[in-house]
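Going down the list, the protein sequences come from chains V and Y.
Note that the first sequence covers residues 13 to 226 in this note's numbering.
Note that the second sequence covers residues -6 to 79 in this note's numbering.
Just so it is clear, CB atoms sit at the ideal spot from N, CA and C, and this is done for glycine as well.
Scroll down for the structure; my scribbles are underneath it.
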Amino acid sequence: LPLRFDWRDKNLVTSVKNQMDCGACWAFSIVDTVESAYAIKGQPLMELSVQQVIDCSYMDNGCNGGSTLSALKWLYQSQSKLVRSSVYPFKSRTGSCHYFPATEFGVSIKGYKAYELSGLEDEMMRVLIHNGPLAVIVDALSWQDYLGGIIQHHCSSGHSNHAVLVVGYDTSGDIPYWIVKNSWGTSWGIKGYVHIKMGVNICGIADFVAYPEM
Amino acid sequence: SFQEIFGSKYPAPRRLLEERYKVFLESVERHKYLNGFRQSAGDAFYGINPFSDLSAEEFSHIHLKSYPAMKDDYIVPNKTTSRENA
């Protein structure tokens, strides 16, 4: 495994989004994984509709919360095509599911995987490199005040409450860390990103890992 | 300055503004506490950001709304095999 790996270096990660007061981090992280996975397959990197997932993933609760895995299940089982974000823009509130004609451009998935990798973060590195950015659910209570640096303390596992995207890692320094994309805008953290210490399941980062198959 | 930088807007009544300011001051105290645990330059640091006018309860209620599916839905790889491979 390389000492450092970051899908952003290959221009395969879209820009940081802002979920505002809508509690749909689960939809943001899943759309992020689909955007990257589609681009990794050689297609253009483009922003897809988070609002479509919020409105249409019927097993979830829109801006009142949801699960990354049930969103992936909905995408796969319904074979829904995620349209461009410009076609179905983010409104920061749950709305009625809008359907599009079959001729409308969209991205669907061929499957999905979900892993529990606590104690196996070396395996998680491998999955990240082989499959693309990973949607994870973490305990982010202590992230409210985060400005930068590597989170190593005050972030326990066992109370997963926020979905984000792991895009890379860096083990070249004294403290190895995961590079994690959030959906709270670029004025939070390191231009919208957070670094989390690797190897000890800080924030429960390896507890609930999921990604689509394209 | 916080309102200018982060674009926060509050309703007109002064009482509400004062309540927000009180929450903001509590956040500043929390930053001092968290930064007290820093041991090296690389450690995480905490301070004023877009959420500093929210209490921890409000922050959790608004922004932490995801939950995992059933534990059984997640595959646990064989740890022995994985370690042997490593």
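Report task. Look up H174 (chain V) in the DSSP assignment and give the residues it is bridged to. Result -> In DSSP, H174 (chain V) forms a bridge with V:V150.
Requested in this report: Compare the C-alpha of Y189 (chain V) against each of Y:D36, Y:V21, Y:Q(-4) and name the closest.
Outcome: Comparing Cα positions, the closest option is Y:D36.
**Report entry** Interface residues of chain V facing S20 (chain Y) [CB-CB closer than 7 Å]
**Finding:** Neighbours of S20 (chain Y) in chain V, taken as residues whose beta carbon is under 7 Å from its own, are D157 in chain order.
Query - Endpoints, beta strand (DSSP E) assigned at D18 (chain V) - result: For D18 (chain V), the enclosing beta strand (DSSP E) has its first and last residue at 16 to 18.
Query - Coil, strand or helix - H142 (chain V) by DSSP - result: Reduced to three states, the DSSP call for H142 (chain V) is helix.
**Report entry** Beta-bridge partners of E225 (chain V), as assigned by DSSP
**Finding:** Beta-bridge analysis with DSSP links E225 (chain V) to V:G123.
Query raised in the report: Name the DSSP beta bridge partners of D36 (chain Y), please?
Result: Looking at the DSSP assignment, D36 (chain Y) forms a beta bridge with V:I162.
Query raised in the report: Got a sec? Which residues, its chain only, sit under 8 Å from H56 (chain Y) by beta carbon, not counting five neighbours each side?
Result: Cβ neighbours of H56 (chain Y) within its own chain (closer than 8 Å, five residues either side excluded): F44.
Query raised in the report: How many whole angstroms separate the CB atoms of A218 (chain V) and L81 (chain V), which I take to be in contact at a CB cut-off of 8 Å?
Result: In fact, because the Cβ distance is near 15 Å, the residues do not count as touching under 8 Å.
Report task. Identify, in the order they occur along the chain, each residue of the same chain with its Cβ nearer than 7 Å to the Cβ of P145 (chain V), setting aside the five sequence neighbours on each side. Result -> These residues qualify, in order along the chain: W19, V25, D44, T45, S48, L177, V178, V179.
Requested in this report: Please confirm if L132 (chain V) has its CB atom under 9 Å from at least one CB of chain Y.
Outcome: The beta carbon of L132 (chain V) sits closer than 9 Å to some beta carbon of chain Y.
Query raised in the report: Going along the chain, which residues of the segment 191 to 207 of chain V sit with their C-beta nearer than 9 Å to a C-beta in chain Y?
Result: Against chain Y - using a Cβ distance shorter than 9 Å - the residues of the segment 191 to 207 of chain V are W196, G197, S199, W200, G201, V206, H207.
**Report entry** Residue burial classification, L10 (chain Y) (beta-carbon count within 10 angstroms, cutoff 16)
**Finding:** So L10 (chain Y) counts as exposed.
Query raised in the report: Given a limit of 7 Å on CB to CB distance, which residues of the segment 170 to 183 of chain V reach chain Y?
Result: Those would be S172, N173, H174, A175, in chain order.
Query raised in the report: Quick one, which of Y:R31, Y:S59, Y:Y3, Y:E22 has its alpha-carbon nearest A175 (chain V)'s?
Result: Ranking Y:R31, Y:S59, Y:Y3, Y:E22 by CA distance to the CA of A175 (chain V) puts Y:S59 first.
Requested in this report: Step through the CB atoms of chain Y and report whether any lies within less than 9 Å of the CB of S90 (chain V).
Outcome: Answer no: the Cβ-Cβ gap between S90 (chain V) and chain Y never drops below 9 Å.
Report task. Output yes or no for whether 9 Å exceeds the beta carbon distance between V28 (chain V) and S154 (chain V). Result -> Result no, Cβ atoms of V28 (chain V) and S154 (chain V) do not sit closer than 9 Å.
Query raised in the report: In whole angstroms, what is the alpha-carbon distance linking S168 (chain V) and D151 (chain V)?
Result: About 7 Å.
Report task. Quickly, what does DSSP pair K209 (chain V) with across the bridge? List them, please. Result -> Note: K209 (chain V) sits in a beta bridge opposite V:Y189.
Report task. List the residues of chain V whose Cβ lies closer than 8 Å to the Cβ of Y3 (chain Y), in chain order. Result -> Under the 8 Å cutoff, chain V gives no residues; its nearest Cβ is about 14 Å from Y3 (chain Y).
Requested in this report: Give the residues of chain Y in contact with A126 (chain V), contact being defined as C-beta atoms less than 8 Å apart.
Outcome: Within chain Y, the residues whose beta carbon sits less than 8 Å from that of A126 (chain V) are A62, D66, Y67, I68, listed in sequence order.
Query raised in the report: Hey, is the segment 56 to 69 of chain V in contact with the segment 90 to 105 of chain V, meaning 3+ C-beta pairs nearer than 8 Å?
Result: The way I'd put it, the segment 56 to 69 of chain V does touch the segment 90 to 105 of chain V; three or more beta-carbon pairs between them come closer than 8 Å.
Requested in this report: Please list the residues of the segment 35 to 59 of chain Y that have a C-beta atom closer than 9 Å to any C-beta atom in chain V, keeping them in chain order.
Outcome: Cβ contacts with chain V come from G35, D36, A37, F38, Y39, G40, I41, N42, P43, F44, S45, L47, A49, F52, S53, H54, I55, H56, L57, K58, S59.
Report task. Kindly list, in the order they appear in chain Y, the residues whose Cβ is closer than 7 Å to that of F220 (chain V). Result -> Close partners of F220 (chain V) in chain Y (Cβ separation under 7 Å): P61, Y67.
Query raised in the report: Can you list the residues of chain Y that D186 (chain V) reaches, using a CB-CB cut of under 9 Å?
Result: Within chain Y, the residues near D186 (chain V) are S33, G35.
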